[in-house]
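Asker: Would you mind keeping the following structure in view while I ask a few things?
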Amino acid sequence: MEARMDSPPTEGSFEYDVVVMGGALSGAATATLLLRQNPGIRILILEKSAKLSRRVGEATVEVSAYFMGRVLGLTQYLNESHLAKQGLRFWFTNGEVKTLAEASELGPLYQVRVPSYQLDRAAFDEEVLRRAGIAGAEILRPATVIDVQLQPGKEQTVTFRNGDGTRTVRSRWIVDASGVAAILARKQGWWKSNIEHPTAAAWSRWKGVKDWDSRELADKYPSWSRAVYATRNTATNHVIGDGWWSWWIPLKGGDVSVGVVFDQRLVDWPQEGGKLGERLKAFLMKHPVAREILVDAQFDEEDVHWRKNLAYYSTTFAGDGFVLVGDAAAFMDPFYSPGMDWISFTTSRAAALIGAQRRGEAMSALVERHNRDLARSHRCWFEAVYKDKYEYMGEFDLMSTALIFDLCLYYLGVVSRIFRYGENALLVPPFSARGIGPIFRFMRTYNRRFAEIARRRRKRRMLGKTNRAHRCLIPGFKLHSANPKLFAQGFAKWARVELGELFSASMS
Ligand SMILES: Cc1cc2nc3c(=O)[nH]c(=O)nc-3n(C[C@H](O)[C@H](O)[C@H](O)COP(=O)(O)OP(=O)(O)OC[C@H]3O[C@@H](n4cnc5c(N)ncnc54)[C@H](O)[C@@H]3O)c2cc1C
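In terms of the numbering used here, the sequence shown opens at residue 5 and continues consecutively.
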């Protein structure tokens, strides 16, 4: 351990050791980790809203579920107050698909093996914040941060509006957990839109969405109903089209979160046809699967949202005295729900960085490593999984092959490490470790190749040929093994795709 060379301001000269800007999941989780790892640390959380509202980020995946359940210690609460999730399920279409039962389906055959949850974020984030308060954080709300002054290695100041007045506090550290507001990145000029990935989204919460496992659907489509042993309704269902996908996430109590994400290069979002909620419903109703499930549903007029150009990142993630977590640091894409995995890694790293400074470790090398690891993780994660994925995600054969590879490698490289090494593995964000290059390049290769195939099919008007009457049902992923049978299945599917492409090229 190296000793600090400069003379740090003494702890007593600040009102707080850490000021956290934003009290939703990222902010409250960072505070919780810091309080656990640094007894007596003085933390102030400033949260703009008096009551947290529903927000996107309702589906967890294996890493974020581990973080919430086993690291934050919320397993019992999650099981009692939210829903156990049954994996990811996808529904494809083409001009010939007329009913739900005809749509090609991709998803788990059985219930999943590793826990994950469907969350009502309004309730969940309130609970995480409440527990951070019980653990010792001071929470001020509604309190809106209006200015921040950074002095690396010295005193940070945060000015906020609280009630009728304005107040300034000093602290050794600032944690930016302000979500898309990204207070620090925008103020410091570090915020960059990811122009390679121009996605947009519209969403709402709905009442009256049909239960995928209902008696009605089982009577109407008996063999469709019997084809899968898992509960379909508590999966994140994805109704998917060319250049777009939609999420269908059931929430405890009966509401369902349904939203569309699309690549603006591929989809012309309807600008006319009523209010946003009406256009969202009309857009979805063109898909035969959505038509079946959404026909009687009504969106909540007060809870309809739109966001453009979803993907962005900060070019700086930390300095000596400040650190960015969750959406305040970057956002990639909601497909596969990586948002709360990113929160799990960035909050764990933030707590480790602050802890190291408090133990007197030299900051410059640690800060440099923090910035390098998170920048590399974000960039490689994007290139390996998301870049141009919207080109091919609506193609059953391509997407089912990619999903098998994507999930086998997620289990092998990320999920199994967390179950093997525990929360320490959350200090190593995906793609940041040495030796990961070949896996990254393999993922980038098939992702690029499938995008290229889809582009060619689009040009030849040959999209969606396997989107009717096919089923790819995955028995499940295992930990501590490379899921070799599934991997082999992935390669066999890829080979079939390539042969099909050769054949259709020779015919044209
Ligand atoms: C369309 C879409 C779908 C998504 N679906 C998923 C999914 O299924 N699964 C998943 O894991 N992720 C998903 N995500 C990502 C997920 O929503 C985010 O990663 C996550 O909610 C970010 O949490 P956060 O705590 O970082 O930020 P937020 O939840 O945005 O919280 C930021 C907090 O900061 C507060 N704040 C802002 N400005 C100030 C200020 N000036 N002063 C004080 N407080 C302030 C806000 O009030 C807010 O409470 C999705 C994202 C999008 C866009």
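Note that CB positions come from ideal geometry on N, CA and C, so glycine has one too. Computed from a predicted model, the values in this text were never measured in an experiment.
1) For P112, name the three-state secondary structure that DSSP assigns.
2) For G330, is the beta carbon positioned less than 6 Å from some heavy atom of ligand 1?
3) Is DSSP giving P12 helix, strand or coil here?
4) Do three or more CB pairs link the segment 68-85 to the segment 115-122 at distances below 8 Å?
5) State the Cα-Cα distance for the pair S485 and F164, rounded to the nearest angstrom.
6) Just the C-alpha distance for I443 and H382, rounded to the nearest angstrom, thanks.
7) In three-state DSSP terms, what is P442?
8) Helix, strand or coil: which one does DSSP assign to N241?
9) Could you say which of R269, Y414, S318, F326 lies nearest to A332 if we only look at CA atoms?
10) Closest by CA to A455, which one among D392, R46, G426?
11) Tell me whether K279 counts as near ligand 1, meaning its Cβ is closer than 6 Å to at least one heavy atom of that ligand.
12) I need the boundaries of the beta strand (DSSP E) containing Y233, first residue and last residue.
13) Helix, strand or coil for M25, going by three-state DSSP, please let me know.
14) Look at the Cβ atom of A239, then the Cβ atom of R93, and state whether they are nearer than 7 Å.
15) Skipping 5 residues on each side, what residues in its chain have a beta carbon closer than 8 Å to that of P274?
16) For ligand 1, any of its heavy atoms closer than 6 Å to the Cβ of P112?
17) Might you give, ordered along the chain, the residues of its own chain that have their beta carbon closer than 8 Å to the beta carbon of W177, omitting 5 neighbours on each side?
18) Assuming the contact rule is C-beta atoms closer than 8 Å, N487 and C412 should be a hit. Round their C-beta distance to whole Å, please.
19) State yes or no: is the C-beta of S53 nearer than 6 Å to some heavy atom of ligand 1?
20) Once you ignore the five residues that flank S436 on each side, which residues in its own chain have a CB closer than 7 Å to its CB?
21) From which residue to which residue does the beta strand (DSSP E) around N375 run?
22) Report yes if the C-beta distance between F386 and M336 is below 7 Å; otherwise report no.
Answerer: So, to answer that:
1) In the sequence shown, counting from the first residue as 1, residue 112 sits at position 108. Reduced to three states, the DSSP call for P112 is strand.
2) Here residue 330 corresponds to residue number 326 of the sequence shown, with the count starting at 1. Closer than 6 Å to some heavy atom of ligand 1: that describes the Cβ of G330.
3) Along the sequence shown, read from residue 1 onward, the residue named residue 12 stands at position 8. Residue placement at P12 cannot be trusted, given a pLDDT of 48 that sits under 50; the coordinates are not used to answer.
4) They touch, by the three-pair rule.
5) Counted from its first residue, the sequence shown places residue 485 at position 481. Counted from its first residue, the sequence shown places residue 164 at position 160. Take the alpha-carbon of S485 and the one of F164: they are about 50 Å apart.
6) Within the sequence shown, numbered from 1, the residue matching residue 443 stands at position 439. Within the sequence shown, numbered from 1, the residue matching residue 382 stands at position 378. Straight-line Cα distance between these residues: approximately 15 Å.
7) The residue labelled residue 442 in the question sits at position 438 within the sequence shown. Judged by DSSP in its simplified three-state form, P442 adopts helix.
8) Numbered from its first residue, the sequence shown carries residue 241 at position 237. Note: N241 maps to strand in three-state DSSP.
9) If you number the sequence shown from 1, residue 332 lands on position 328. In terms of CA proximity to A332, S318 leads the group R269, Y414, S318, F326.
10) One-based indexing of the sequence shown puts residue 455 at position 451. Cα-wise, what sits closest to A455 is D392.
11) Taking the sequence shown and counting its residues from 1, one reaches residue 279 at position 275. Here the distance from the Cβ of K279 to the nearest heavy atom of ligand 1 is not below 6 Å.
12) Numbered from its first residue, the sequence shown carries residue 233 at position 229. Here Y233 belongs to no beta strand (DSSP E), and DSSP marks it neither H nor E.
13) Position 21 of the sequence shown holds residue 25. Strand, per DSSP.
14) Here residue 239 corresponds to residue number 235 of the sequence shown, with the count starting at 1. Here residue 93 corresponds to residue number 89 of the sequence shown, with the count starting at 1. Yes. Within cutoff.
15) As a position in the sequence shown, residue 274 is number 270, starting the count at 1. Taken in chain order, the residues that qualify are R283, A286, F287.
16) Here residue 112 refers to the residue found at position 108 when the sequence shown is read from its first residue. No, ligand 1 has no heavy atom inside 6 Å of this Cβ.
17) The count along the sequence shown starts at 1 and reaches residue 177 at position 173. Scanning its chain for C-beta atoms nearer than 8 Å, with the 5 sequence neighbours on each side dropped, one finds around W177 the residues D21, V22, V23, Q160, G325, F326, V327, I358, Q361, in chain order.
18) For the purposes of this step, residue 487 is identified with residue 483 of the sequence shown, where counting begins at 1. For the purposes of this step, residue 412 is identified with residue 408 of the sequence shown, where counting begins at 1. Contact between N487 and C412 holds, with the beta-carbon distance rounding to 5 Å and staying under 8 Å.
19) Within the sequence shown, the letter at position 49 stands for residue 53. Taken from the Cβ of S53, at least one heavy atom of ligand 1 lies inside 6 Å.
20) Indexing the sequence shown from 1 puts residue 436 at position 432. Sequence-distant partners of S436 (beyond 5 residues in either direction) whose C-beta falls short of 7 Å from its own C-beta, in its chain, are D377, R380, S381.
21) Here residue 375 is taken as the residue at index 371 of the sequence shown, counted from 1. Boundaries around N375 are those of the alpha helix (DSSP H), 367-385, since no beta strand (DSSP E) includes it.
22) Counting from 1 along the sequence shown, the entry for residue 386 is found at position 382. Counting from 1 along the sequence shown, the entry for residue 336 is found at position 332. With contacts defined by Cβ atoms closer than 7 Å, F386 and M336 form a contacting pair.
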